[in-house]
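These notes are about the structure you will find just below.
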Amino acid sequence: MRKTYDLARVRVDALRGVDLTVEQGEFVAITGPSGSGKSTLLHLTGALDLPTSGTLNVLGEMLSLMPDDALAAFRRRKLGFVFQFFNLLPTLSAAENAALPLLLDGTPRGEALDRGREILTRVGLADRLHHRPEELSGGQQQRVALARALVANPRILLADEPTGNLDSEAGARILDLLDEARAQRGLTVLLVTHDHEVARRADRIVRLRDGLIESIERPVESERALVPPPQPSPLRGEGVSLREDEVP
Amino acid sequence: MRALIRGVALRRLRLEPGRSALLTLGVALGVAVFVAVQALNQTALSSLGGVSQVAAGSAALEIDGGAGGVPLSLLERVRATEGVRAAAPALARYAREAPPDAGGDSGSVSTERVLVLGIDVRDAASTLPDADDSVQVDPVRLLSPDAAVVSARLLERRGLEIGSQLELFLADGRRAFTIAGSFQPHGPISLAAGGDIVVLDLALAMKVFATDGRVDRIAIALGKGADSDEVARRLRSFLAPALDAKPPGKAVKSEALLGTMQLGLQLASLLALFIGIFLIYNAMSIAVVRRRPEIGVLRAVGTTKRQLALLFFAEAAAFGLAGSALGIFLGWLLAQAALGGVNSQVSQLYATLDARTAVLSPLAIVLGLLVGPLATVIATAPPVYQALTIAPVEAARKDLPRRDPRGALVKLAVLGGIVLLACAVGFFASSKDGFGLIGGAVIQAGIAGGAAAIAPLGSFALFGRVRPLLARIFGPVGALAADNILARPGRAGVTVAALMVALGGVLGISGLVTSLRGAVESWVNQVLSADIYAAASTPLGSQTNTLLRSSVADEIKTIEGVEAVYPLRFVFEDVEARPGNGLAKTAPALLVAVDVDFLGRRAHMPISDCLPEGPEAALGEVVKGDAVAVSTNLARHRGFSAGERISIRTPQGEWRPRVAICVSDFSSEHGCIFVDLPEYARRWSDTNVNAFDLFCKKGATDPEMKKTVERLRSRFGPRYDLFFTQSSAFRLRILSVVESAFAVTYSMQIVAIGVALLGVVTTMFAAILERTRDIGVLRAVGASRGHIRRAVVTEAFLLGAVASGFAVTTGGAIGITLVTRVISGEYGWELEYVFPWKQAIFGACSATVLATIAGALPAARAARVKIVEALAYA
Numbered sequence: 002m003r004k005t006y007d008l009a010r011v012r013v014d015a016l017r018g019v020d021l022t023v024e025q026g027e028f029v030a031i032t033g034p035s036g037s038g039k040s041t042l043l044h045l046t047g048a049l050d051l052p053t054s055g056t057l058n059v060l061g062e063m064l065s066l067m068p069d070d071a072l073a074a075f076r077r078r079k080l081g082f083v084f085q086f087f088n089l090l091p092t093l094s095a096a097e098n099a100a101l102p103l104l105l106d107g108t109p110r111g112e113a114l115d116r117g118r119e120i121l122t123r124v125g126l127a128d129r130l131h132h133r134p135e136e137l138s139g140g141q142q143q144r145v146a147l148a149r150a151l152v153a154n155p156r157i158l159l160a161d162e163p164t165g166n167l168d169s170e171a172g173a174r175i176l177d178l179l180d181e182a183r184a185q186r187g188l189t190v191l192l193v194t195h196d197h198e199v200a201r202r203a204d205r206i207v208r209l210r211d212g213l214i215e216s217i218e219r220p221v222e223s224e225r226a227l228v229p230p231p232q233p234s235p236l237r238g239e240g241v242s243l244r245e246d247e248v249p
Numbered sequence: 028m029r030a031l032i033r034g035v036a037l038r039r040l041r042l043e044p045g046r047s048a049l050l051t052l053g054v055a056l057g058v059a060v061f062v063a064v065q066a067l068n069q070t071a072l073s074s075l076g077g078v079s080q081v082a083a084g085s086a087a088l089e090i091d092g093g094a095g096g097v098p099l100s101l102l103e104r105v106r107a108t109e110g111v112r113a114a115a116p117a118l119a120r121y122a123r124e125a126p127p128d129a130g131g132d133s134g135s136v137s138t139e140r141v142l143v144l145g146i147d148v149r150d151a152a153s154t155l156p157d158a159d160d161s162v163q164v165d166p167v168r169l170l171s172p173d174a175a176v177v178s179a180r181l182l183e184r185r186g187l188e189i190g191s192q193l194e195l196f197l198a199d200g201r202r203a204f205t206i207a208g209s210f211q212p213h214g215p216i217s218l219a220a221g222g223d224i225v226v227l228d229l230a231l232a233m234k235v236f237a238t239d240g241r242v243d244r245i246a247i248a249l250g251k252g253a254d255s256d257e258v259a260r261r262l263r264s265f266l267a268p269a270l271d272a273k274p275p276g277k278a279v280k281s282e283a284l285l286g287t288m289q290l291g292l293q294l295a296s297l298l299a300l301f302i303g304i305f306l307i308y309n310a311m312s313i314a315v316v317r318r319r320p321e322i323g324v325l326r327a328v329g330t331t332k333r334q335l336a337l338l339f340f341a342e343a344a345a346f347g348l349a350g351s352a353l354g355i356f357l358g359w360l361l362a363q364a365a366l367g368g369v370n371s372q373v374s375q376l377y378a379t380l381d382a383r384t385a386v387l388s389p390l391a392i393v394l395g396l397l398v399g400p401l402a403t404v405i406a407t408a409p410p411v412y413q414a415l416t417i418a419p420v421e422a423a424r425k426d427l428p429r430r431d432p433r434g435a436l437v438k439l440a441v442l443g444g445i446v447l448l449a450c451a452v453g454f455f456a457s458s459k460d461g462f463g464l465i466g467g468a469v470i471q472a473g474i475a476g477g478a479a480a481i482a483p484l485g486s487f488a489l490f491g492r493v494r495p496l497l498a499r500i501f502g503p504v505g506a507l508a509a510d511n512i513l514a515r516p517g518r519a520g521v522t523v524a525a526l527m528v529a530l531g532g533v534l535g536i537s538g539l540v541t542s543l544r545g546a547v548e549s550w551v552n553q554v555l556s557a558d559i560y561a562a563a564s565t566p567l568g569s570q571t572n573t574l575l576r577s578s579v580a581d582e583i584k585t586i587e588g589v590e591a592v593y594p595l596r597f598v599f600e601d602v603e604a605r606p607g608n609g610l611a612k613t614a615p616a617l618l619v620a621v622d623v624d625f626l627g628r629r630a631h632m633p634i635s636d637c638l639p640e641g642p643e644a645a646l647g648e649v650v651k652g653d654a655v656a657v658s659t660n661l662a663r664h665r666g667f668s669a670g671e672r673i674s675i676r677t678p679q680g681e682w683r684p685r686v687a688i689c690v691s692d693f694s695s696e697h698g699c700i701f702v703d704l705p706e707y708a709r710r711w712s713d714t715n716v717n718a719f720d721l722f723c724k725k726g727a728t729d730p731e732m733k734k735t736v737e738r739l740r741s742r743f744g745p746r747y748d749l750f751f752t753q754s755s756a757f758r759l760r761i762l763s764v765v766e767s768a769f770a771v772t773y774s775m776q777i778v779a780i781g782v783a784l785l786g787v788v789t790t791m792f793a794a795i796l797e798r799t800r801d802i803g804v805l806r807a808v809g810a811s812r813g814h815i816r817r818a819v820v821t822e823a824f825l826l827g828a829v830a831s832g833f834a835v836t837t838g839g840a841i842g843i844t845l846v847t848r849v850i851s852g853e854y855g856w857e858l859e860y861v862f863p864w865k866q867a868i869f870g871a872c873s874a875t876v877l878a879t880i881a882g883a884l885p886a887a888r889a890a891r892v893k894i895v896e897a898l899a900y901a
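These protein sequence lines are chains A and B, in that order. Going letter by letter, the first sequence gives residues 2 to 249 in our numbering. Going letter by letter, the second sequence gives residues 28 to 901 in our numbering.
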């Protein structure tokens, strides 16, 4: 798969031929220096953009052949995104932000908000349901973003530097929640990071450089064992809709 | 500084052509309406003034006799006066062409009006009106008794040549003239009748227009070294009291007549400009938002606040100048398009106007060039102030916390509330006599400005309340639309205010028209009692009809089915006004000369004041010749009541009849004086008439009256250019005059609505720019392009709907002020305000739909946003 950007007077080859298969339920960390194509790979996988050439098959769908509306429906039903800068809508409450994919998908408002509130409760924000993003800390905002990413029971979660804008404690909590969700749902996770500690949690680490895969490695068990085990989290409670048979 | 302007401002203009174009268009439309109004006023005045300046040439003095004219018998004595080098009498009248098969409403050919000038061709001081060496004359034909010299344009339009015959409708009916020459007119006179001018020898002109030995004026050139004041004094020593020798009037009378219309148009133009300022404010605040990081960088590298301010103001002035240049051109086009309406409005209400090319004076161009940059700089000041208060480090931040705007909105609303309160106090403190146009304009501006200041807070509060409802009705799209408005209440409020003021202005005028129409309708039903109405050259009788001899009435009476014919003469004459009414000592009023017996027995005019002896005796006084009937609005506005004497200018000097009776009348905003026709003929030495009221035989059925009309048309239409209209159709025509009187003002205000709708477009674009990242997020979490489009269109719909709702209230307040205070104060008409429901519903729905449509373009742009780029947007 290739991706080229035509800028005003320059042509930038963001991905120059990447061939990668990710298995269902796998946790893949994508690392590499700035400008190596990490985010581009994530964006293409998440149907936010289309490759210039090559094929992209996600969950059996050839994304480059799908019309725009179908891509939008694919994103809200099968994918979840977590961004470095949280990207919550500033005018919506935490509950509305969390319920947004469902609201956009036509779920009745009451039901969507109930599910948004429920998942926020699971990530420990029961007392922040009606707060707007600017009234929340960075860690809390990222938990709302994670709730939004999981509310529609997606099959794949894409995270772009999810801890990059958080302090270590808040970052660790987000990663624990991610592990938790993955462990319960068999969720496939693609995570872009600069942080080696974060990458070590993955099943595979894909290193990119100059738009090409430089290496793919599996963290040795001893290294993975150094990663602290997931702490009990609210996501372990009953009623979390992360089972595969509930995936639309 | 130059480098800064070149490197930053100008480069931005190139990089953002859409914003640049929109801003330029906004300025251009505002300036266009302003310039169009200047051009229309100037054209009307120049055209009317040009006619009144015929043969004045380089005259230092003129003797003007008003409606009664100046006796030509004075000419020799004027010429013999010491200090007078030359004296040129002149006569100017409009007449309709009379090609075969044309005439009245029986003709099959539409005819045009020409301006007929009568000048003394034998006198050296007289020249063809501002003609140059393009004059071509056949000396032999010039000697013929029916010779006419015509403008080259008329020759060309009619395909005539020297020696051809040209027929015109005149006082004695059709009359043919032999074309003896042609000329190319220049100057103001060339505006009249589109340059279709016919010049006749003065004696011939006086004969065909039946002026009974009178001319309009005598222009006087002074000898070398003569003092004009001294010469004027000598002339006054033998002139009748009604005549005066003074420097050429420069259309003073025209200004007095057109003052109301001019002010109405000026207000409409200021409204458009005011709304243009809103639009510019919006567009410039977008620039500030977009350039926040750039401002941070510039400040960080040492650019001073003053330099930044200059940068923005220079850019604003450049837009203003470009918009002004375009606006001047658009303004001329607009004026040209509206000229027909102005011609019709002025001709129906004041004096014959037939200008066909809009004049753009150098002053109007200079004003246009000044007003655009000035408005732009004023509108730019708030966003620039905002830009300069951002600290460099803050400006560069992506996640700059937004300031809570509520404090500013509340302050603005309090200010608006104070202004509205002051308006309310002014309204209720004023008596029913109301206030004049200027006071009315101030109150209306106060209402519009106060409401505009409250609108942002009002819309903020309203959207906050209805958000849950919108979320239920429109789903997430509705909630997002409301949220987007709530997130930037200032900008949304400005857009709502602009649309509200524009639509409110239109609804204010609509209220006036509806109220006036209602009053006029009930008046015509009560007063118009004739079965058939006849008038020459136009269907309605007014001071602008071609004059006919009163003996035509006798001819009409011979037609089968006609029982009685009453001739009418309409003329504007100077009439006294008491001090304290906002008028000069004398002001023009419409003199209606009519058979007062007819007035008393047939017209059933509502009486508001009368001599103690009763209406019958009062009318008897009028017939005796020492009294007049006046319209209620004239009596109120000029401070007269029954029994008092009022001064009227006549060719024989001042006449001071008693006011015998005051009757309700809507014929003229300047007020009417009803004089017995024989008395008028005697005092004004004028036996011509403008129109006739016809009564059919008692018991005549409608089909019989129709037959009578057919007979009248076939007999008199082609001969005298007479129009015959049955009662019901005539009433409708009069009501249509009420509507058309405000047509031009309406059209200017509709342009203002267009400007406000452009404001919706810029607001939506601004909102999209500011929310690019949010749009990217929405798309990333699964919003389709349709979702985004619907959210933006819903937002535009909400802005339009709220603005329309507010406009209904504002328009109502403006309308009530106009009807119950301005009209009563300025014209003396006491009207009952009628809310224009139909127009309000139609206007509100239209504005909402148009605002929604205006949101379509930004919506399409929002839907095209590339997700990845949007997520990276600062």
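Beta carbons are placed, not taken as given, at the ideal position from N, Cα and C, and that holds for glycine.
Residue range of the alpha helix (DSSP H) that includes residue i
i, result
"Ala-890(B)", "883-890"
"Glu-643(B)", "642-651"
"Gly-744(B)", "729-747"
"Ala-175(B)", "Premise fails: Ala-175(B) lies in the beta strand (DSSP E), 174-178, not in any alpha helix (DSSP H)."
Three-state secondary structure (DSSP) of residue i
i, result
"Gly-38(A)", "coil"
"Thr-22(B)", "Summary: the structure shown does not reach residue 22(B), with chain B confined to residues 28 through 901, and so no result is reported for it."
"Ala-897(B)", "helix"
"Ala-614(B)", "strand"
"Arg-244(A)", "Caution applies to Arg-244(A), whose pLDDT of 30 falls short of 50 and renders its modelled position unreliable; the model cannot decide the point."
"Val-279(B)", "Confidence in Val-279(B) is poor, its pLDDT being 46 and thus under 50, which makes the residue's placement too unreliable to answer from."
"Ile-304(B)", "helix"
"Lys-584(B)", "helix"
"Leu-101(A)", "helix"
Proximal residues of chain A, C-beta to C-beta of residue i below 8 Å
i, result
"Leu-513(B)", "Thr-92"
"Leu-898(B)", "Leu-49, Phe-84, Asn-88"
Beta strand (DSSP E) segment containing residue i, residue limits
i, result
"Glu-1(A)", "Any answer about residue 1(A) is impossible in this case: the structure gives chain A only from 2 up to 249."
"Thr-32(A)", "28-32"
"Val-771(B)", "Per DSSP, Val-771(B) belongs to no beta strand (DSSP E); it is in the alpha helix (DSSP H), 770-797."
"Thr-189(A)", "189-193"
"Ala-203(B)", "200-210"
"Glu-853(B)", "Careful: Glu-853(B) lies outside any beta strand (DSSP E), inside the alpha helix (DSSP H) at 850-854."
"Val-602(B)", "589-603"
Chain-ordered neighbours of residue i on chain A, where CB pairs are closer than 9 Å
i, result
"Ala-886(B)", "Correct list: empty, because the minimum Cβ distance to chain A is about 15 Å."
Chain B residues whose Cβ lies nearer than 9 Å to that of residue i
i, result
"Arg-133(A)", "Residues of chain B passing the Cβ test: none, with the nearest at roughly 10 Å."
Chain-ordered chain B contacts of residue i [CB-CB under 7 Å]
i, result
"Pro-102(A)", "Val-808, Gly-809"
"Asn-154(A)", "Correct list: empty, because the minimum Cβ distance to chain B is about 13 Å."
"Ala-182(A)", "None at all; the shortest Cβ gap to chain B is about 17 Å."
Residue i: contacting residues in chain A (beta-carbon distance under 7 Å)
i, result
"Ile-841(B)", "Correct list: empty, because the minimum Cβ distance to chain A is about 35 Å."
Cβ-heavy atom distance, residue i to the ligand PLP, below 8 Å
i, result
"Leu-126(A)", "Absent from the structure shown: the ligand PLP. Ligands present: none."
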